[in-house]
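Start counting at 1 in the sequence shown, then tack on 564, and there's your number in our numbering.
Virtual Cβ for every residue (Gly too), placed ideally from N, Cα, C.
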Amino acid sequence: MFCASSSKIDPRFLDLAAEAGAELARRGHSLVSGGAQVSCMGAVARAARAGGARSVGVIPENLVDLEVADEDNDELIVTPDMRARKGEMDRRSDAFLVLPGGIGTLEELFEIWTARTLGMHDKPIVILDPVGVYEPLRELMKGLAEHGFTRPKAFDAVSWAGTVPEAFDLLERSQVRIEATPEDYAEAEL
Numbered sequence: 565m566f567c568a569s570s571s572k573i574d575p576r577f578l579d580l581a582a583e584a585g586a587e588l589a590r591r592g593h594s595l596v597s598g599g600a601q602v603s604c605m606g607a608v609a610r611a612a613r614a615g616g617a618r619s620v621g622v623i624p625e626n627l628v629d630l631e632v633a634d635e636d637n638d639e640l641i642v643t644p645d646m647r648a649r650k651g652e653m654d655r656r657s658d659a660f661l662v663l664p665g666g667i668g669t670l671e672e673l674f675e676i677w678t679a680r681t682l683g684m685h686d687k688p689i690v691i692l693d694p695v696g697v698y699e700p701l702r703e704l705m706k707g708l709a710e711h712g713f714t715r716p717k718a719f720d721a722v723s724w725a726g727t728v729p730e731a732f733d734l735l736e737r738s739q740v741r742i743e744a745t746p747e748d749y750a751e752a753e754l
């Protein structure tokens, strides 16, 4: 699960993260997250564990040094840097739920979205956006497609949800397979 680490966000996003963690546990899933105890990352992990879910946190070494690591995770993996963190989270995840977040969350989203668009994985990706935080992103992506920078089928690689239950329903039933062709790579239309 990708989500915010900022402590300056509206508390409703902490509630959303806690609701997502509780729903994850209720449905019998395990959590792979950014491994921090702060903000939405902490809220989702605490709620998931409170519901009986296993939590795996993956955190870069410099954030452990800043004392933001969630030591209560069932497993805490410390990586040398952010790139290794994303790779470890990708390997350990069967699906990706993206909650509202900042630049780091967007970076994580774009990396897995690009990889899925290129056929490098077929794990479902759901963007949970109950209040429209990501609506400008959706419009940006449509504009990029209209101008030929992104292929329209890239939109098939992600689903959008307005509620936590809807997001988990989409994750659990997502079977969309994105087939990449040599032309896709040659044209670089991610």
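- For G606, the enclosing alpha helix (DSSP H) has its first and last residue at 603–614.
- Secondary structure note for E635: it is in no beta strand (DSSP E), with a DSSP letter that is neither H nor E.
- If you look at G707, you'll find it in the alpha helix (DSSP H) that goes 699–710.
- DSSP places V695 in no beta strand (DSSP E); its state is neither H nor E.
- Ranking G599, R618, G651 by CA distance to the CA of L627 puts G599 first.
- Rounded to the nearest whole angstrom, the C-alpha separation of Q601 and E631 is 9 Å.
- Of G712, V695, A721, A725, the smallest CA-CA separation from R680 is found for A721.
- By the neighbour-count criterion, in which 16 or more other beta carbons inside 10 Å mark a residue as buried, H593 falls on the buried side.
- Around the beta carbon of V695, a 10 Å sphere encloses fewer than 16 other beta carbons of the protein chains shown; the residue is thus reported as exposed.
- Burial of P688 is indicated by the presence of at least 16 other C-beta atoms within 10 angstroms of its C-beta.
- Under the DSSP assignment, P729 falls in the alpha helix (DSSP H) whose first and last residues are 728–737.
- Distance from the CA atom of M705 to the CA atom of S657, rounded to whole angstroms, is 25 Å.
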